[in-house]
Structure formats: structure tokens, C-alpha cells
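**Q** Supplied in C-alpha cells, the structure appears directly below.
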Amino acid sequence: MARKTALSRERITDAGMQLVEDEGPQALTLRRLGDVLGVDATALYRHFRNKEDLLSAIGDRTLEGRIVDPGDDVEWRAGIRDLCVRLRAAYLAQPAVADIVRSGPPRQGNELLLTEVMLRLLHRAGFSAGQAADAYHSLIGLSLGSAAIDAPVSRLPHREREELYERWRREYAAIDERRYPTTVAHASSLWPGDAQHRFEVGLDTMLDGLEAQLTQLTPRSQQR
1339 MARKTALSRE RITDAGMQLV EDEGPQALTL RRLGDVLGVD ATALYRHFRN
1389 KEDLLSAIGD RTLEGRIVDP GDDVEWRAGI RDLCVRLRAA YLAQPAVADI
1439 VRSGPPRQGN ELLLTEVMLR LLHRAGFSAG QAADAYHSLI GLSLGSAAID
1489 APVSRLPHRE REELYERWRR EYAAIDERRY PTTVAHASSL WPGDAQHRFE
1539 VGLDTMLDGL EAQLTQLTPR SQQR
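The numbering used here puts the first residue of the sequence shown at 1339, with every later residue one more than the last.
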């Protein structure tokens, strides 16, 4: 008779991630997860306080291996840009998980590492605590928001994505020009390139703004 694999926090988290990917976020209940693992749902409470605790662990597992500390030699802008690109990629790799990420302070190791490294880079660049916090929240919001918006089409083949964007442009062009003349005039320029391109344009624009703000605060020799 095959021996059952011992129940652990890691095993439960992996099963939860797989359940979300296979059946969607709405399927993730402790009872359903217990069924998948072949245990009573009450057994899960030995490893997680509640569903919120499990969701936090799933979100953190999504970042496993994606978030790295670049050390003190990296230039602040390059380091933050890399973190944001990695964060977005992590959630696009698990698009269903992006829908269950909860707001609030980070509680897990990878989430805390992301917060620590980003705030350290901003602090070292010369931003005040308040300015660094504002920048941190804006950058995280852009990265996670972009992933959530793009997740539904992220797994479509390239040609299907291009056809979808082209259809959206045609829909914009077909709306009432008398009511929305500027939108119609710009219809052919909307949804350019791919989602990654659009995200990086937004990210670089935000970083440009932070860099301009920093230039007014500190001598260039201190900006690293």
C-alpha cells in the first residue's frame, strides 16, 4: 500500500496554487482543497490560521525564485525596474493567482524581501521616508495592476493576441465620432505592440518622474 505524503505547509500551498490554476480562484475553499489533498479541511488549520493566511502563502510562493537582492552596487533605477519586471512576470506566469492577491502589508518571506529591497534602493537614492513609501506603493500598484489586467490574454498565442488588439482598435474607431471625436482620432494608435511593451512604457515614465523629482532633491553625485 502506497504511503501518503505527509501534509505540510508547502504541500498545501502547492496544491492550492494548482487548484486555482485548474479550476479558477472561486474554487479555492478549504473544504475543496481538503478534498484534493485527501484530508479533512480541519487538518489544514494545523498549518494555516485561515483562508487569508493560505492566500498570502500562495501569493508568496508565486514570487519564489523571482525576487532577488541585487546588493549595493546596482544603480537604484535599474534595480527597481528589474524588480518590477520580475514581479509582473511572476504573476503573469500564474495568471489565476493574480486574481486572488490580497491587499495589505506583506507577511511572507518573498513579499518582505521585495519590500525591503525596493525601499532600500529608494532610500539609498536619496528619497525621504514618505517619498520612498509613495514611490513603492505606486510601483507595486503599476506592476500588479498591469499583471491583473493582462492576465486574461497572457496565454493566448501571439497571433490571437494581435487579432484581439486589432479588433479592439476597430471597435474604438466605430464608436460615435460626434460624442468621442478624440478617441476615434486615436483609435489606430491604441493597444500598440504587446502588453509587456505597454507595461514598460508606463514603468519607464514613472521612473522618469521619480528621477526628475530626485534631481531636485540631491546633487547628481549622490544619486546611485
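For every residue, glycine included, the Cβ atom is placed at its ideal position computed from N, Cα and C.
#1: Output needed for E1402: all residues of its chain with C-beta closer than 8 Å, excluding positions within five of it in sequence on either side, in chain order.
#2: Contact defined as beta carbons within less than 8 Å: I believe L1586 pairs with Y1429. What is the distance between those atoms, to the nearest angstrom?
#3: Please report how far the alpha carbon of V1455 lies from the alpha carbon of L1541, in whole angstroms.
#4: With H, G and I counted as helix, E and B as strand and the rest as coil, what does DSSP make of G1354?
#5: If you draw a straight line from the C-alpha of D1360 to the C-alpha of Q1432, how long is it?
#6: Starting from the C-beta of L1451, find all residues in its chain whose C-beta is less than 6 Å away, skip the five residues before and the five after it, and write them out in chain order.
#7: Tell me the rounded alpha-carbon separation between A1396 and V1522.
#8: Find the nearest neighbour of E1348 within the set T1400, A1471, R1369 and D1410, judged by alpha-carbon distance.
#9: Note down the Cα distance separating M1339 from G1376, rounded to an integer number of angstroms.
#10: I'd like to check one pair, Y1474 with L1494: are the Cβ atoms closer than 9 Å?
#11: What's the C-alpha gap between A1467 and E1549?
#12: Roughly how many angstroms lie between the CA atoms of L1552 and H1535, to the nearest whole one?
#13: Taking the straight line between their C-alpha atoms, what separation do you get for D1410 and R1458?
#14: Can you give me the Cβ contacts of A1511 inside the same chain, cut-off strictly under 8 Å, excluding the 5 residues immediately before and after it?
#15: Since S1394 contacts Q1446 with CB under 8 Å, what's their CB separation in whole angstroms?
#16: Rounded to the nearest angstrom, what separates Y1518 and A1470 at their Cα positions?
#17: Taking C-alpha atoms, which residue in A1434, D1488 and S1476 lies nearest to G1547?
**A** Taking the structure as given:
#1: Closer than 8 Å at Cβ, skipping near neighbours: N1448.
#2: The question about residue 1586 has no answer, for the chain in this structure spans 1339 to 1562.
#3: Cα-Cα distance, rounded: 17 Å.
#4: Note: G1354 maps to helix in three-state DSSP.
#5: Cα to Cα, the separation comes out at about 11 Å.
#6: I1405.
#7: Rather than Ala, the amino acid found at residue 1396 in this sequence is Ile. About 42 Å.
#8: Of T1400, A1471, R1369 and D1410, the residue nearest in Cα terms is T1400.
#9: Interpretation of M1339 is limited by its pLDDT of 40, a score under 50 that renders its predicted location unreliable; no figure is taken from the coordinates.
#10: Taking C-beta atoms as the reference points, L1494 and Y1474 fail to come closer than 9 Å.
#11: The alpha-carbon of A1467 is positioned some 16 Å away from that of E1549.
#12: Distance between the alpha carbons of L1552 and H1535 is about 25 Å.
#13: Roughly 9 Å between the two C-alpha positions.
#14: Listed in chain order, the non-local C-beta contacts of A1511 below 8 Å within the same chain comprise V1522, A1525 and S1526, local neighbours out to five positions each way being set aside.
#15: Yes, S1394 and Q1446 are in contact; Cβ-Cβ is about 6 Å, under 8 Å.
#16: Just so you know, the alpha carbons of Y1518 and A1470 end up roughly 38 Å apart.
#17: Among A1434, D1488 and S1476, the Cα nearest to that of G1547 belongs to S1476.
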